[in-house]
Structures are given as C-alpha cells and as structure tokens.
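So the protein lines, in turn, are chains P and Y.
All the letters of the first sequence, read from the start, carry residue numbers 2 to 272 under the working numbering.
All the letters of the second sequence, read from the start, carry residue numbers 2 to 272 under the working numbering.
Notes for the one structure printed next.
Protein chains: 2
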Amino acid sequence: MDKRPIGVFDSGLGGITAVRELKKIMPNENIIYFGDTSRVPYGTRSKQTIRKYSAQDINFLLQNDVKMLVAACGTVSANIQKEVVDKLPVHFTGVLKPAVDAACKATKNKRIGIIATPATIKTRAYGKEIKKIIPDTEIIANACPMFVPLIENGYVDKDCQVTRIIANEYLQPIIEQKVDTLILGCTHYPIIKEMIQEIVSQDTTLIDPGVEVANYVKKYLTENNMLNNSDKHGYCHFYVSDNIESFEAHAGVFLDENISGDVDFVDIDKY
Amino acid sequence: MDKRPIGVFDSGLGGITAVRELKKIMPNENIIYFGDTSRVPYGTRSKQTIRKYSAQDINFLLQNDVKMLVAACGTVSANIQKEVVDKLPVHFTGVLKPAVDAACKATKNKRIGIIATPATIKTRAYGKEIKKIIPDTEIIANACPMFVPLIENGYVDKDCQVTRIIANEYLQPIIEQKVDTLILGCTHYPIIKEMIQEIVSQDTTLIDPGVEVANYVKKYLTENNMLNNSDKHGYCHFYVSDNIESFEAHAGVFLDENISGDVDFVDIDKY
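Take a look at the structure:
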C-alpha cells in the first residue's frame with residue numbers, strides 16, 4: 002500500500018490520454034501530471050534539447066514525492082538515456098516498452114508499423130526494442146510532424162478533411178507494406194484513433210500507448226504492493242509551465258469527466 | 002557610419018523573411034540573427050511566457066554588440082511592453098509599427114484585415130496602433146494557429162491542398178468584411194503570400210512585415226548616420242537555441258542564396 006501519487010509527464014497535453022487510461026483502471030490512484038506547455042512540442046527538437054527538458058520535468062515530479070514516474074510522451078520515451086533512468090530514485094517507465102510488448106503479442110505476420118514524431122522516428126528506438134523480442138520483424142516507420150499541431154488545435158473530428166488528407170499521406174507507406182499491427186508512438190495520436198483505424202482498415206491492430214502504459218503501471222504497482230487501496234477516488238493535480246488559461250484553452254480535447262483536477266503553474270526552468 | 006551588426010530575432014525561423022528583405026535593400030549590413038528553435042512557436046503561448054523569452058533573446062543579442070534590435074516576430078512585437086523597449090540601450094523596432102504605417106497608407110476604404118498568431122490577435126495591438134492613425138478604421142482580425150506549423154513543415158506550395166483549405170477557413174471572415182488591405186501579422190506568412198493573395202483577390206493590398214520593417218530599419222539607420230558604408234557584402238550569422246542540424250532541416254523554406262551564413266548554437270536559458 003502506497004498512497005503517494007504517480008508522477009506523469011509529457012511535452013504538453015497529449016499525455017492526458019495516458020492519465021485517462023490510468024484513472025479508468027485505477028480510479029483510486031492519485032496523479033500528479035506535468036505538461037511542459039511553455040516548450041511543447043518536443044517531437045520536432047533535437048535529442049539534446051529533449052533530454053535537457055525531460056531531466057527538468059523529472060526533477061519537478063521527484064520533488065512532489067511521487068512513487069513512480071511515467072513519461073507519457075513517445076518522444077521522451079524514445080530519447081531518454083538508460084544511464085539516466087537507472088539512476089532515478091523511483092521506478093520509471095516510458096510508453097515505448099509497454100507499446101512494443103503489446104505489438105509483439107498482437108502481430109501475426111511480423112510486420113509492425115510505427116507512427117510517431119520526427120524526433121522519435123529518428124532514434125529507431127521502437128524498431129530496436131521490437132527486434133529484441135522478434136528479431137525478424139519487418140518495421141515500417143513514418144514520422145508525422147503535423148499530427149501534434151493539428152490535434153492541439155482541435156482538428157480532431159473523424160471527418161475533418163484536413164487531418165484526413167494528412168493522415169492518408171502519412172499512413173500510405175504503412176498500408177502499402179501490409180502491416181497487421183500499428184503502434185501509435187505518440188500519446189496525442191489516440192485522439193484521432195478512429196480516423197486512423199478507418200484509413201488503415203479494421204483488420205489492423207492499433208496499439209494505444211496510453212492503454213498499454215496504464216496496464217504496465219498497474220502490473221508494476223500490484224507486484225510491488227504499491228497500489229493505493231484507499232476507497233476514495235484519487236485526485237489529479239495538473240501542473241503546466243505556461244499559464245493556466247492556456248491549459249484551459251487547449252485541454253478540452255484531452256480531458257474527460259473522470260479526470261478533472263486542480264491546475265497550477267510551475268516555472269520549469271528552475272528545475 | 003556604424004559597422005556593428007543589426008540584431009534580428011524571432012521565435013524560430015520565420016524572421017528570416019525579414020533578413021531577406023534587409024539584405025535586399027542593404028546588402029552591406031552585417032546581421033546577427035537569433036531563432037529560438039528550442040522553444041518555437043511563441044504564438045500559442047501566454048504573454049508572460051512570450052515576454053520572458055523575448056527578454057532572453059534581447060539579452061543575447063545585446064551581448065553581441067548590435068547597433069539596433071529588430072523583433073522579426075509578430076508575436077513578440079505585439080506582446081513586448083513599452084517600459085521594456087524604453088530601457089533598451091539601442092534602438093528597437095518590432096514589425097508591428099512599420100506594418101501598421103504601411104497599411105494606413107494603403108487603405109482607401111478604411112477596412113483593414115489582420116491575420117496573425119493567437120497570442121498576437123489576443124493583444125489587439127495592431128488594431129490599437131491603426132486607430133491612433135485613422136481612428137474610424139474598421140479592423141477585422143483573425144488568428145491563424147495552423148499557419149506556423151504548416152509553413153515550418155514545408156506545406157508551402159501554392160497548390161498545397163491542406164494549406165489552401167485552412168487558409169480559406171482563416172481568410173473567409175476577412176473576405177466577407179471587404180477589407181482592401183490585409184496585414185500579414187507574422188513573419189512566417191510571407192512564405193505563403195501568393196496563395197493568400199489568390200484567396201483574398203488581387204485587389205487586396207497585402208502588407209508584408211519583412212518588407213516594411215526592412216524599409217523602416219534603412220530609414221532609421223540613414224537618418225542617424227548609422228549605415229554600414231563598407232563596400233563589402235555584409236555577413237549573416239545565425240544563432241539557434243536547438244541544435245544546428247534541426248536548423249538545417251527546417252531553414253530551407255526560408256533561406257535564399259543571398260543570406261547564407263554561419264550557424265551556431267546558443268544556450269538561451271543562460272541569458
């Protein structure tokens with residue numbers, strides 16, 4: 002039993018899709034979320050910058066006495082260094098490993114697609130992890146730089162013409178390579194999951210990073226006797242590095258009725 | 002005669018459209034450009050964050066002994082405070098005032114449109130400046146949050162379907178209000194000027210912030226006897242806050258043969 006909150010962070014607000022899944026399967030857990038809204042997006046930046054920003058995000062969460070760290074951000078998950086993770090005082094997970102495990106279980110034809118930010122695709126980290134499990138998998142990866150701005154600006158309707166044109170363009174190489182499993186390698190992408198599913202066909206298994214990381218977190222906390230067994234609904238406390246009004250202007254597309262909570266500003270440069 | 006460089010900065014690379022215009026009319030001037038590529042875009046952030054970032058950008062340029070400061074960024078120009086500008090040790094200009102002056106000269110029907118980032122539109126700064134010159138002008142402003150990511154990701158072709166759909170959406174309210182002059186309130190937008198011109202019709206005068214600020218800078222330097230009268234072509238030195246490869250990956254759409262130059266990294270958090 003451990004009542005401390007789970008610390009979740011993302012470059013911006015996409016990671017809230019993971020918070021939604023965490024609350025769905027562990028409603029009693031307390032969650033502290035940090036969204037780096039003054040520096041979002043990470044996915045078009047260099048690995049040096051991404052690593053510097055992630056270190057600050059983690060420092061902030063550690064000062065809030067979290068029992069576990071979740072990088073609910075594909076870009077951070079793919080760019081963080083093992084040496085950094087190994088030194089952390091609490092258990093850390095990104096979305097990469099849980100998503101890879103699920104994809105390797107799902108694939109039958111050993112052809113797995115990955116869509117993610119440019120900074121994630123550049124690392125080839127998803128492919129490398131997959132090949133550790135199924136070495137002869139064919140990996141088809143494509144960077145989707147426009148998805149984050151489209152989603153953050155509310156172009157998320159299933160019939161939105163603009164997002165559909167761009168999604169068709171990004172998914173065409175994936176479809177041509179006849180993958181049976183597609184990893185959504187960025188926590189923003191589940192917001193347009195239905196559209197993606199339609200474009201790649203219903204036969205393709207989509208791997209949602211938020212769902213998989215939530216399952217992983219529950220398993221880890223259970224095995225280590227760290228679940229919060231309180232009978233009360235846990236809180237969500239959101240922190241953002243830009244001001245609160247900007248959170249309120251953009252968060253609507255990610256939030257649902259189960260995960261409302263206080264929102265506070267944090268000056269992330271100080272961490 | 003003053004051989005010191007002109008200091009130009011922007012949230013990212015859009016300000017290079019102003020550098021192009023500066024070099025066109027003053028090829029002998031030296032230019033130091035800072036693009037805050039590790040924190041771009043500014044236009045969707047709060048005024049507090051924009052002001053903090055601008056102060057750091059200006060500090061960096063001042064340490065490079067510039068003779069004048071040019072905020073080649075609509076968002077900074079609209080959000081910077083007069084008290085801050087008044088205290089600067091060298092003359093400062095944003096793109097706002099030069100663009101407003103040009104628009105007020107151009108309009109015949111006193112109906113002026115403004116397209117810019119959300120953070121610029123929110124300030125109403127363009128409208129306020131226009132009304133100081135022509136009080137009974139009708140101002141029609143619209144925020145265009147998708148233009149910066151579309152342009153930075155290369156969706157700039159005149160016939161690009163996606164950008165055209167979004168541009169039509171953004172420009173419709175402007176067209177309906179029968180403006181005869183439209184200010185491009187962000188230095189990224191000149192990259193898609195031809196498409197915008199087609200959509201609003203050839204009868205509408207477009208005000209390009211890069212052209213207007215370059216004319217203003219030339220006038221100021223001439224009047225104050227600060228032009229660089231060297232007979233050599235001046236240098237451009239680019240500094241970016243993300244790494245150099247990311248500059249090289251994104252700058253192509255903005256650069257032309259006249260403004261190549263060295264590129265260096267700067268850790269902007271230290272300023």
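Think of the CB as a built atom: it goes at the ideal place given N, C-alpha and C, for glycine as much as any other residue.
_Do Ser39 of chain P and Thr118 of chain Y count as a contact pair if the criterion is CB distance below 8 angstroms?_
no
*Identify which residue in Y:Asp209, Y:Tyr217, Y:His234, Y:Gly8 has its Cα closest to the Cα of Thr18 of chain Y.*
Y:Asp209
*Looking only at C-alpha atoms, which of P:Asn65, P:Ile134, P:Ala126, P:Phe266 sits nearest to Asn143 of chain P?*
P:Ala126
_Excluding the 5 residues flanking Glu130 of chain Y on each side, which residues of the same chain have their C-beta closer than 8 angstroms to its C-beta?_
Leu97, Lys98, Val101
*Inspect the CB distances between the region 181-190 of chain P and the region 103-118 of chain P and report whether three or more fall short of 8 angstroms.*
yes
*With DSSP collapsed to three states, give me the class of Leu63 of chain P.*
helix
_Any C-beta of chain Y within less than 7 angstroms: which residues of the region 238-269 of chain P qualify?_
Asp243, Asn244, Glu246, Ser247
*CA-CA distance, Gly36 of chain P and Glu30 of chain Y?*
42 angstroms
*In chain P, what lies closer than 7 angstroms to Ser39 of chain Y by C-beta?*
Arg46, Thr50
*Can you find a C-beta in chain P that's less than 8 angstroms from the C-beta of Pro146 of chain Y?*
yes
*Whole angstroms is fine: what's the gap from Ile26 of chain Y's alpha carbon to Val9 of chain Y's?*
16 angstroms
_With a threshold of 7 angstroms on Cβ separation, who are the neighbours of Pro191 of chain P within its own chain once the five nearest residues in sequence on each side are excluded?_
Thr18, Leu185, Asp209, Gly211
*Taking only the alpha-carbon atoms, compute the straight-line gap between Tyr54 of chain P and Ile135 of chain Y and give it to the nearest angstrom.*
46 angstroms
*Could you check which residue in P:Asp204, P:Ile167, P:Asp158, P:Ser242 has the C-alpha nearest to that of Val254 of chain P?*
P:Asp158
*Within chain C, the residues that Val163 of chain Y reaches when beta carbons sit closer than 7 angstroms*: Note that chain C does not occur in the displayed structure, where the protein chains are P and Y.
*Say whether chain P places a C-beta atom closer than 8 angstroms to the C-beta of Ile150 of chain Y.*
One point to set straight first is that residue 150 of chain Y is Pro, not Ile, in the sequence displayed. Yes - at least one Cβ of chain P is within 8 angstroms of the one on Pro150 of chain Y.
*For Met147 of chain P, collect the residues of the same chain with a Cβ closer than 7 angstroms to its Cβ; drop the 5 residues on either side in sequence, then sort them by chain order.*
Ile167
*Can you say whether Gln57 of chain P is buried or exposed, counting buried as having 16 or more other CB atoms within 10 angstroms of its CB?*
buried
*asked:* Considering Cα atoms alone, identify which of Y:Gln82, Y:Thr124, Y:Arg5, Y:Cys161 is closest to Gln64 of chain Y.
replied: Y:Arg5
*On the three-state DSSP scale, how would you describe His234 of chain Y?*
coil
*Taking only beta-carbon positions, decide if Asn154 of chain P is within less than 8 angstroms of chain Y.*
yes
*Counted within 10 angstroms of its Cβ, other Cβ atoms place Lys233 of chain Y as buried (16 or more) or exposed*: exposed
*Taking Met322 of chain Y as part of the beta strand (DSSP E), name the residues at either end of that continuous run.*
A query on residue 322 of chain Y cannot be resolved here, the shown segment of chain Y reaching from 2 to 272 and no further.
*asked:* For Thr205 of chain Y, count the other beta carbons within 10 Å of its own beta carbon; 16 or more makes it buried, fewer makes it exposed. Which is it?
replied: buried
*Note the first and the last residue of the continuous alpha helix (DSSP H) segment covering Ile200 of chain Y.*
194-201
*As assigned by DSSP and simplified to three states, the class of His189 of chain Y*: coil
*Can you grab the Cα-Cα spacing for the pair Cys161 of chain P / Glu170 of chain Y, in whole Å?*
13 angstroms
*Taking Cβ to Cβ, would you say Thr164 of chain Y is nearer than 8 angstroms to Leu151 of chain Y?*
yes
*According to DSSP, which residues form a beta bridge with His251 of chain P?*
According to DSSP, which records beta bridges pairwise, His251 of chain P is partnered with nothing at all.
*Give the range of the alpha helix (DSSP H) segment to which Thr18 of chain P is assigned.*
17-26
*Whose CA, out of Y:Leu14, Y:Ile7, Y:Asp3, lies closest to the CA of Gly155 of chain Y?*
Y:Leu14
*asked:* Mapping the DSSP letters down to three states, classify Tyr221 of chain P as helix, strand or coil.
replied: helix
*Tell me the DSSP bridge mates of Gly95 of chain P?*
P:Ala72
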